[in-house]
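Letter by letter, the sequence shown follows residues 46 to 292 in our numbering.
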Amino acid sequence: MKTKFKMLTLSTVTALSLTFAGQSFAAANPFTDLANIAAKDKIAALQEQGIVKGISDDLFAPNATITAAQGVQLIVNAANLNLDLVRFLVEPKATDYFKNADNDAWYANALITASVNGVELPDDLDPNKKWTREEFTHLLIRTIEAHSNLPMLNLVPAEINDEADLTVDYQGSIQRALAYDVVELDEQGNFHPKAEITRAEAAEQIYNVLEYVKAHPAPAPEADPASDETDAKRAPGSTSPQIPGTK
């Protein structure tokens, strides 16, 4: 069971500043190992935005797989999650939320940030477990949807040849990822849900979902008729409502 901390929101200051490990928005050296990677331009764009970083100053290791901790860090960055408006009465530790975490590990801040912001992660998350395509895609889609207020989607399910290999709880997220053009099936119509996801694949999904969000902004809030009625009763030159029967 995750420990529930009492928290207070702040309007102008942050009470606890946690910096993502290695994240920097300063100019970075271009990655030199993306020449044969189809998504190289997308990865470069994410690097410029500070959403992804390399394993060194100039290497991205696009074909390396990612762990759960690395996946969470990427998703936290992609969704721009933070603790800016949160005040902890007791300094949090990653193990307060995830029993298998290491409080001194580079990923500790990302796990705390993810949990506080409602990212759907199990209490027994293994930070060092290799993540599959379906695990990363599911969590990315669920998190972005929760924090982006996307318009309703009239979903027509795609035919996935290896759908039987999908975890049942992930099927909806994968279908929406296909509809959002975040992922695509291979030439045989397979998604390969149980394959370990690579850094290049994860980065491409992040780029694609952020492009979808930009192209589909949240709908403008509808005007409140009650507010219009109140405005109509305001006395000329006054900022207070004019109450009938009073002067």
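Glycine residues also receive a C-beta, built at the ideal position from the N, C-alpha and C atoms.
**Prompt:** What number of angstroms, rounded off, separates the C-alpha of residue 262 from the C-alpha of residue 162?
**Reply:** 21 Å
**Request:** Spell out a yes or no on whether the region 210-218 and the region 149-158 are touching, meaning 3 or more CB-CB pairs, one atom from each, closer than 8 Å.
**Result:** no
**Request:** Assign residue 243 to one of three DSSP states: helix, strand, or coil.
**Result:** In the structure shown, residue 243 sits in a strand (DSSP, three-state: E or B).
**Request:** Could you tell me whether the region 79-94 touches the region 230-239, using the rule of 3 or more Cβ pairs below 8 Å?
**Result:** no
**Prompt:** Between which two residues does the alpha helix (DSSP H) carrying residue 193 extend?
**Reply:** 178-193
**Request:** Return the bridge partner residues of residue 138 from the DSSP annotation.
**Result:** The bridge partners DSSP lists for residue 138 come to none.
**Message:** Applying the 10 Å Cβ sphere with the 16-neighbour rule, what's the burial state of residue 198?
**Reply:** exposed
**Asked** Is the region 242-256 close to the region 106-113, with three or more CB pairs under 8 Å?
**Response** yes
**Prompt:** What's the C-alpha gap between residue 90 and residue 146?
**Reply:** Using only the alpha carbons, I get a separation of about 31 Å.
**Message:** Going by DSSP, what residue range makes up the alpha helix (DSSP H) through residue 220?
**Reply:** 216-224
**Asked** Buried or exposed: where does residue 173 fall if 16 or more other Cβ atoms within 10 Å of its Cβ makes it buried?
**Response** exposed
**Request:** Compare the beta carbon distance of residue 200 and residue 250 with 8 Å and say whether it is the shorter of the two.
**Result:** Not closer than 8 Å, so no.
**Asked** Taking buried to mean at least 16 other C-beta atoms within 10 Å of its own C-beta, is residue 179 buried or exposed?
**Response** buried
**Prompt:** Per DSSP, what kind of secondary structure is residue 87 in: helix, strand or coil?
**Reply:** Three-state result, residue 87: helix.
**Request:** Measure the beta-carbon distance from residue 192 to residue 124 and round it to whole angstroms, keeping in mind my assumption that it falls under 8 Å.
**Result:** 5 Å
**Asked** Going by DSSP, which residues form a beta bridge with residue 174?
**Response** DSSP lists no partner for residue 174.
**Prompt:** In its own chain, which residues sit with a C-beta less than 6 Å from the C-beta of residue 223, not counting the 5 before and 5 after it?
**Reply:** 203
**Prompt:** Less than 8 Å separating the beta-carbons of residue 143 and residue 170?
**Reply:** yes
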